[in-house]
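The block underneath contains the structure these notes are about, expressed in structure tokens.
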Amino acid sequence: MTARTVLVTGANRGLGKQVALEMAKLGHKVWVTARNAEDGKKAVETMSAEGLDVHFRHMDLAWPGSIGQAKDEIGDVDILINNGAILEKGDPLAVEHDALERSVRINLLGATHCLRAFAPGMIDRGWGRIVNVSSGWGSFGEGMDGPMAYCVTKAGLNALTKNASIHFPDTVKVNSVCPGWVRTSMGGDEASRSIEQGAKGIIWAATLPDDGPTGGFFRDGKPVEW
Ligand SMILES: NC(=O)c1ccc[n+]([C@@H]2O[C@H](COP(=O)([O-])OP(=O)(O)OC[C@H]3O[C@@H](n4cnc5c(N)ncnc54)[C@H](OP(=O)(O)O)[C@@H]3O)[C@@H](O)[C@H]2O)c1
Numbered sequence: 062m063t064a065r066t067v068l069v070t071g072a073n074r075g076l077g078k079q080v081a082l083e084m085a086k087l088g089h090k091v092w093v094t095a096r097n098a099e100d101g102k103k104a105v106e107t108m109s110a111e112g113l114d115v116h117f118r119h120m121d122l123a124w125p126g127s128i129g130q131a132k133d134e135i136g137d138v139d140i141l142i143n144n145g146a147i148l149e150k151g152d153p154l155a156v157e158h159d160a161l162e163r164s165v166r167i168n169l170l171g172a173t174h175c176l177r178a179f180a181p182g183m184i185d186r187g188w189g190r191i192v193n194v195s196s197g198w199g200s201f202g203e204g205m206d207g208p209m210a211y212c213v214t215k216a217g218l219n220a221l222t223k224n225a226s227i228h229f230p231d232t233v234k235v236n237s238v239c240p241g242w243v244r245t246s247m248g249g250d251e252a253s254r255s256i257e258q259g260a261k262g263i264i265w266a267a268t269l270p271d272d273g274p275t276g277g278f279f280r281d282g283k284p285v286e287w
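By the count of the numbering used here, the sequence shown reaches residue 287 at its end, each step adding exactly one.
Pasting the structure below:
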């Protein structure tokens, strides 16, 4: 694959950090973005020590201004991985108002603003890959039985995938990926998958060939019910 420029959100830890590392190892230039600058810079230092082409930029997904500033500094990217997210607990009545608003801002609007910032360059240049890291909890078909704020915002993210894929040319592929249940701070120690296993499906969607799918929802490279 041609060397590309990649941006990963929430790349200071968990799946985002692993995906950034693996994309850099594939020979791409990677922007590690994070709201936690200390951890983000540390992640970049470790990867740079391995000789990888990795760079840090602060980006808080809760603030459109922060996304816009990052775009101004970074410029165009070829591959956008919308990974950063939060999981707030509670059913529709129990979830705190602030937690609900935070979830919408970060999980749905943050990813949407990133797509709106970086997709135009991809469309102009005639090549792009956008991966929205979603969840089985955002799937109607898989029961939608998790915490309300998380389920609803991930279902919204899936709707963004579908809608953008219809409006964008086929050369700019937009797909949702569920990494499975992964042992990160979000997934917990009991989760069935390692970070490496979880990252695999995200890398797959980020590196799709020109005849690969767009507008789909995948786990392990296989379709998941919306
Ligand atoms: N782990 C699982 O079992 C599982 C299952 C299905 C889907 N997913 C999805 O996989 C993705 C990665 O999750 P993970 O398991 O790696 O979780 P994680 O370890 O909790 O990492 C979440 C990342 O999102 C970042 N983030 C949160 N709010 C942000 C904000 N306002 N601006 C920028 N970054 C922000 C966090 O940064 P901070 O360090 O600053 O908090 C962190 O880097 C998420 O989209 C998640 O929904 C995970």
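Beta carbons: idealized from backbone N, C-alpha and C, even for Gly.
Determine, using beta-carbon pairs with one atom in the stretch 194-211 and one in the stretch 236-252, whether at least three such pairs fall under 8 Å. yes
I'd like the list of long-range same chain contacts for Ala-172, defined as Cβ closer than 7 Å, with 5 residues on each side in sequence excluded. Asn-143, Asn-193, Leu-218 and Leu-221
If contacts are defined as beta-carbon pairs under 8 Å, then Ala-297 and Gly-129 qualify, I think. What distance do you get, rounded to the angstrom? In the structure displayed, the chain extends from 62 to 287; residue 297 sits before or after that span and is not available.
From Met-84 to Val-93, what does the alpha carbon distance come to, in whole angstroms? 11 Å
To the nearest whole angstrom, what separates the beta carbons of Ala-95 and Gly-75, a pair I think is in contact under 8 Å? Not really, about 11 Å apart at Cβ, beyond 8 Å.
Once the 5 residues before and after Val-67 are set aside, which same chain residues still bring their CB inside 6 Å of it? Met-84, His-89, Val-91 and Ile-140
Anyone know if the C-beta pair for Gly-199 and Ala-216 falls short of 8 Å? yes
For a test of your reading of the model: does the CB of Val-194 fall under 7 Å from any non-hydrogen atom of ligand 1? Yes or no. yes
In the DSSP assignment, what residue or residues form a beta bridge with Ser-255? In the DSSP output, where bridge partners are listed per residue, Ser-255 has none listed.
Quick check: does the Cβ of Val-93 come within less than 7 Å of any heavy atom belonging to ligand 1? no
May I ask you to list the residues that DSSP assigns as paired with Leu-148? Beta-bridge pairing links Leu-148 to no other residue.
Mind checking Glu-134: buried by the 16 CB within 10 Å criterion, or exposed? exposed
Might you give, ordered along the chain, the residues of its own chain that have their beta carbon closer than 8 Å to the beta carbon of Glu-286, omitting 5 neighbours on each side? Ser-200, Phe-201, Gly-202, Glu-203 and Phe-278
Contact set for Gly-273: own chain, Cβ-Cβ below 7 Å, skip 5 residues either direction: Lys-234
Does the stretch 151-169 come close enough to the stretch 105-119 that 3 or more CB-CB pairs lie under 8 Å? no
What do you get for Ala-110, buried or exposed, if any count of 16 or more other CB atoms within 10 angstroms of its CB means buried? exposed
Does Pro-125 come out as helix, strand or coil in the three-state DSSP assignment? helix
For Pro-240, is the beta carbon positioned less than 7 Å from some heavy atom of ligand 1? yes
Tell me the DSSP secondary structure of Thr-214 in three-state form. helix
Comparing C-alpha positions only, which one of Lys-86, Gly-151 and His-116 sits nearest to Gly-136? His-116
Beta-carbon proximity list for Leu-82, same chain, < 7 Å, skipping 5 on both sides: Met-108
Pick from Leu-176, Pro-270 and Gly-207 that is closest to His-228, judged by C-alpha positions: Leu-176
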